[in-house]
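**Q** Below: one structure in C-alpha cells.
There are 2 protein chains.
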Amino acid sequence: MSDAPLNRYQLAELGALLAEPARAAMLLALMDGRARPAGELARAAGVGAATASAHLKRLLEGGLLGVHAQGRHRYYRLAGDEVAAWLEAMALPHAPRSLPAASADAALCRARTCYRHLAGALGVAVCDAWLERGWLRSSADGLRFAGDAAEALRRAGCAPALTANLPRLRGRGCLDWTERRLHVGGPLGVALTETMLDAGWLRRAGSGRALLPSADGLRRLAGLGVRLD
Amino acid sequence: MSDAPLNRYQLAELGALLAEPARAAMLLALMDGRARPAGELARAAGVGAATASAHLKRLLEGGLLGVHAQGRHRYYRLAGDEVAAWLEAMALPHAPRSLPAASADAALCRARTCYRHLAGALGVAVCDAWLERGWLRSSADGLRFAGDAAEALRRAGCAPALTANLPRLRGRGCLDWTERRLHVGGPLGVALTETMLDAGWLRRAGSGRALLPSADGLRRLAGLGVRLD
DNA sequence: GGCAGGTTTCGGCGTACGCCGAAGCGTCGC
DNA sequence: GCGACGCTTCGGCGTACGCCGAAACCTGCC
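Sequence order for the protein chains is A and B. Going by the numbering used here, the first residue of the first sequence is number 36, and it counts up by one from there. Going by the numbering used here, the first residue of the second sequence is number 36, and it counts up by one from there.
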C-alpha cells in the first residue's frame with residue numbers, strides 16, 4: 036500500500052491543532068484575515084496570557100499561523116488563505132447534519148468574507164455568472180479575468196485605479212461551506228472584493244465577517260449578470 | 036459578534052476526532068468507500084481490538100462513520116461522501132508546504148478514487164472538459180449530465196444499461212486536493228466512474244485508491260474532449 | 001448444547017497536555 | 001533610568017484519554 040498523500044500522523048497532527056477549544060477560537064477569530072496581538076487572542080479564547088502564548092506557539096510551529104513583531108506587540112495572522120479555505124471546509128461534514136446551516140446567521144450565508152475575499156451566496160453567484168459570461172476563465176494556473184470584465188466594472192462605477200489591476204491578478208477557486216460551490220479567492224478575489232467595498236456595493240457589518248450588499252450594489256451587480264435569489 | 040457557523044467547540048470536537056493517529060489511520064483506510072469490519076481496522080491502525088473498538092465508538096458518535104452488523108462482524112464505513120470530501124480537503128493546508136504533493140505517489144496524483152468517484156488529474160480534466168463542452172451543467176441543485184453526453188459515452192463503447200441512467204443522477208463538485216480544483220462527485224460521479232471501470236477505460240490498482248487508465252481508455256476519453264497532459 | 005471467533009465493556013496504568021501563577025525579557029514613555 | 005505593559009518561559013497541578021488484558025456478550029457452526 037503506497038503511503039497515502041496525507042499520512043495518519045500528519046492528519047492527526049493537523050487535527051490536534053484544532054482539538055482544543057482555545058486554539059479553535061483563536062483560529063476563528065483570525066478568519067477575517069486581520070492580524071491580532073496575542074493579548075486580544077487570549078481574551079477571544081477566554082484563557083490567560085501564559086496559556087494563550089503556548090497555544091500560539093503550537094499553531095505557529097504547526098504552520099497555521101504567521102507572526103510579526105511590532106513594538107511590544109506580536110501580531111498573529113493566518114499563515115495564508117489556504118488555511119482560511121481549509122477552515123471553511125471544516126464545516127463540510129458538519130453541514131449535512133444541520134442542513135444548509137439552518138442555525139447560521141442569514142446575513143452570513145448571504146455574503147461574508149472568507150479570509151479577505153467575498154463568500155456566501157453572493158460570492159458563488161458572482162463566480163457562476165462571470166464564468167458563464169466568459170469574464171472569468173479557469174486555466175491551469177487558476178482563475179483569470181478575461182474579456183471586457185474589468186472595463187464593465189469600471190463603467191458600472193468602480194474605481195479605475197482598482198479595476199485596472201484586476202486582469203493581472205490570479206484567482207483561486209475556494210470552496211464555499213454554505214453553498215458547497217466555488218467562489219473566487221486568491222489575490223483576484225481579494226482585489227475584487229476591495230473594489231466592490233470601495234464602490235459602496237458592499238459594506239462590512241461591524242466587526243464580524245458578514246457583508247451587507249447595498250441596494251445600489253445589488254442593482255449594479257444584476258446589471259453585470261449576477262442574480263441573487 | 037454573531038456566533039460563527041462553526042463554533043469553537045464544534046471545530047475542536049471535529050479536530051479531536053482526527054487528533055489520534057489510530058483514528059486517522061482508520062478514516063484513511065475507509066477512504067476508498069468500502070466498509071470494513073472492526074478487526075481489520077484495528078490491524079490497519081496498529082492497535083488492539085479493545086482500543087480500536089473505543090475509537091470506532093467515538094467516530095460513530097461523532098457522526099463520521101456509519102455501521103451495519105452482519106453476522107458476527109460489524110462493518111464500518113464513512114458516514115457519507117461529504118466526510119470523504121472533507122478528509123481530502125484536509126490536505127489543503129498541508130500541500131503548500133510540500134508543494135503539489137511532491138512526495139505523493141505519481142499514479143495517485145494522476146487518477147484515483149475519492150470515496151467512490153474519480154479524482155486526480157484525470158477527474159479534474161473530465162470535469163473541466165465536459166463543463167466547457169456543455170455535457171455537464173452546474174445548477175442550483177448540483178451538476179447534471181446534459182446535451183448528448185450520455186449518448187456520446189454509449190457510442191464510445193460504454194454499456195447502454197449504465198449510460199442510460201446517468202442523466203437522472205445528481206453530481207456534486209468535490210474539491211481535489213492534488214489539483215485544487217473541482218471534480219465530479221456525488222451519485223453522478225460514482226456512476227460515471229463505474230461506467231468507465233466497466234468499459235475497461237480504468238482499472239483498480241490493487242487494494243489502494245490508485246486507478247490506472249488503459250491506453251484504449253485514454254484514447255476514448257481524448258475523443259470525448261478530455262486531455263490529460 | 002457447547003465451542004470458537006469477532007466485538008464490546010470494564011478496570012487500571014501511564015503519559016500528554018491544558019491551565020495557571022510567578023518570574024524573566026523586551027519595548028515604550030516619562 | 002525606572003516603572004508600566006505585553007509577551008514568553010518555567011514549574012507544578014489536575015484531568016483527559018490512549019493503551020492493554022481480562023471478562024462478558026453475541027453469532028455462527030458442529
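Cβ coordinates follow ideal geometry from the N, Cα and C atoms, glycine included. What you are looking at is a predicted structure, and each value in this text was computed from that prediction instead of being measured.
1. For chain B, check one thing: does any of its Cβ atoms lie closer than 9 Å to the Cβ of Gly50 (chain A)?
2. State the Cα-Cα distance for the pair Leu134 (chain B) and Ala141 (chain B), rounded to the nearest angstrom.
3. Does DSSP put Arg43 (chain B) in a helix, a strand or coil?
4. Alpha carbons only, please: which of A:His108, A:Arg262, A:Gly115 is nearest the one belonging to Arg168 (chain A)?
5. Taking DSSP's pairing of strands, which residues face Arg239 (chain A) in a bridge?
6. So with Cβ pairs under 9 Å, would you call Pro72 (chain A) a contact of chain B?
7. Is the Cβ-Cβ distance between Ala57 (chain A) and Ala146 (chain A) less than 9 Å?
8. Note down the Cα distance separating Val161 (chain B) from His218 (chain B), rounded to an integer number of angstroms.
9. Is there a Cβ of chain B sitting closer than 9 Å to that of Gly208 (chain A), yes or no?
10. Would Trp165 (chain B) pass as an interface residue toward chain A - the criterion being a Cβ-Cβ separation below 9 Å?
11. Report the residue ranges of all alpha helix (DSSP H) runs contained in full by the stretch 38 to 93 of chain A; include only those spanning at least 4 residues, in chain order.
12. Can you give me the start and stop residues for the alpha helix (DSSP H) that Gly221 (chain B) sits inside?
13. Nearest to Leu204 (chain A) by CA position, among A:Ala191, A:Leu188, A:Phe180, is which residue?
14. Who are the Cβ neighbours of Gly208 (chain B) in its own chain at under 6 Å, not counting the five residues just before and after it?
15. On the premise that Gly50 (chain A) lies in contact with Ala54 (chain B), defined as a C-beta separation below 8 Å, what is that separation, rounded to the nearest angstrom?
16. Have a look at Leu197 (chain A) and Val225 (chain B) and give me their C-alpha separation to the nearest angstrom.
17. Do the CB positions of Gly206 (chain B) and Leu259 (chain B) come within less than 9 Å of each other?
18. Quick one, which of A:Leu223, A:Arg151, A:Ala89 has its alpha-carbon nearest Pro202 (chain A)'s?
19. Note the first and the last residue of the continuous beta strand (DSSP E) segment covering Val159 (chain A).
20. In or out: Gly81 (chain A) buried (at least 16 other Cβ within 10 Å) or exposed?
21. At least one CB of chain A closer than 9 Å to the CB of Arg112 (chain B): is that the case?
22. How is Arg254 (chain B) classed by DSSP in three states: helix, strand or coil?
23. When we look at the beta-carbon of Arg44 (chain A) and count the other beta-carbons within 10 Å, is it buried (16 or more) or exposed?
24. What first and last residue would you give for the beta strand (DSSP E) that runs through Arg262 (chain A)?
25. Suppose contacts are defined by Cβ-Cβ distances below 9 Å. Is Tyr111 (chain A) in contact with Met66 (chain A) by that definition?
26. Among the residues of its own chain, which have a CB less than 8 Å from the CB of Glu48 (chain A), if the five just before and after it don't count?
27. Applying the criterion that 16 or more other CB atoms from any shown protein chain within 10 Å of the CB defines a buried residue, is Leu237 (chain A) buried or exposed?
28. Give the DSSP bridge partners of Leu153 (chain B), in chain order.
29. How many Å lie between Pro195 (chain A) and Cys144 (chain A) at the Cα?
30. So, using beta-carbon positions, are Thr228 (chain A) and His152 (chain A) closer together than 9 Å?
31. Give a yes or no on whether the minimum CB-CB distance between Ser249 (chain B) and chain A is below 9 Å.
32. Could you list which residues in chain A have their beta carbon closer than 7 Å to that of Tyr44 (chain B), in chain order?
33. Could you have a look at Ala104 (chain B) and say whether DSSP puts it in helix, strand or coil?
34. With distances taken Cα to Cα, identify the nearest neighbour of Leu178 (chain B) among B:Leu63, B:Leu166, B:Glu186.
35. Gly235 (chain A) to Ala114 (chain B), Cα distance in whole Å?
36. Quick check on Glu186 (chain A): buried or exposed, where buried means 16 or more other Cβ atoms within 10 Å of its Cβ?
**A** Inspection of the coordinates gives the following:
1. At least one chain B Cβ lies under 9 Å of Gly50 (chain A).
2. Below a pLDDT of 50, predicted positions are generally treated as unreliable, and Leu134 (chain B), at 36, falls in that range; the measurement from the model is reported next regardless. If you take the alpha carbons of Leu134 (chain B) and Ala141 (chain B), they lie about 14 Å apart.
3. For Arg43 (chain B), the secondary structure class from DSSP, reduced to helix, strand or coil, is helix.
4. Its Cα nearest to that of Arg168 (chain A), the residue A:Arg262 stands out among A:His108, A:Arg262, A:Gly115.
5. Answer is A:Leu246.
6. No - not a single Cβ of chain B is within 9 Å of the one on Pro72 (chain A).
7. The Cβ atoms of Ala57 (chain A) and Ala146 (chain A) lie no closer than 9 Å to each other.
8. Their backbone Cα atoms lie some 8 Å apart in a straight line.
9. Interface residue (Cβ-Cβ distance to chain B less than 9 Å): Gly208 (chain A) is classified as such.
10. The Cβ of Trp165 (chain B) sits no closer than 9 Å to any Cβ of chain A.
11. Entirely contained in the stretch 38 to 93 of chain A, the alpha helix (DSSP H) runs reaching 4 residues are, in chain order, 43 to 53, 56 to 64, 73 to 80.
12. 221 to 233 is the span of the alpha helix (DSSP H), which, as asked, contains Gly221 (chain B).
13. The shortest C-alpha separation from Leu204 (chain A) is found at A:Phe180.
14. Excluding residues within five positions, the ones whose Cβ falls inside 6 Å are Leu217.
15. Contact holds; Cβ gap of about 4 Å.
16. Their Cα atoms are separated by approximately 43 Å.
17. Not closer than 9 Å, so no.
18. Ranking A:Leu223, A:Arg151, A:Ala89 by CA distance to the CA of Pro202 (chain A) puts A:Leu223 first.
19. Membership of Val159 (chain A) in any beta strand (DSSP E) is not indicated; the residue belongs instead to the alpha helix (DSSP H) covering 156 to 168.
20. The residue in question, Gly81 (chain A), is exposed, as its Cβ has fewer than 16 Cβ neighbours within 10 Å.
21. Output row for Arg112 (chain B): interface = no.
22. Arg254 (chain B) falls in the helix class under three-state DSSP.
23. Per the sequence shown, residue 44 (chain A) should be read as Tyr rather than Arg. By the neighbour-count rule (16 or more Cβ atoms within 10 Å), Tyr44 (chain A) is not buried but exposed.
24. Following the DSSP letters along the chain, one finds Arg262 (chain A) in no beta strand (DSSP E), marked with neither H nor E.
25. Between Tyr111 (chain A) and Met66 (chain A), the C-beta spacing is not below 9 Å.
26. Closer than 8 Å at Cβ, skipping near neighbours: Gly97.
27. Buried is the label assigned to Leu237 (chain A), since at least 16 other Cβ atoms lie within 10 Å of its Cβ.
28. BP columns for Leu153 (chain B) point to B:Thr148.
29. Pro195 (chain A) and Cys144 (chain A) have their C-alpha atoms spaced approximately 30 Å apart.
30. Yes, the pair counts as a contact, with Cβ atoms nearer than the cut-off.
31. No - not a single Cβ of chain A is within 9 Å of the one on Ser249 (chain B).
32. For Tyr44 (chain B), the chain A residues whose Cβ falls inside 7 Å of its Cβ are Pro56, in order along the chain.
33. If DSSP states are grouped into helix, strand and coil, Ala104 (chain B) belongs with the strands.
34. Considering only alpha carbons, the answer is B:Leu166.
35. So the two alpha carbons sit approximately 44 Å from each other.
36. Classification of Glu186 (chain A): exposed, given that the 10 Å Cβ count is below 16.
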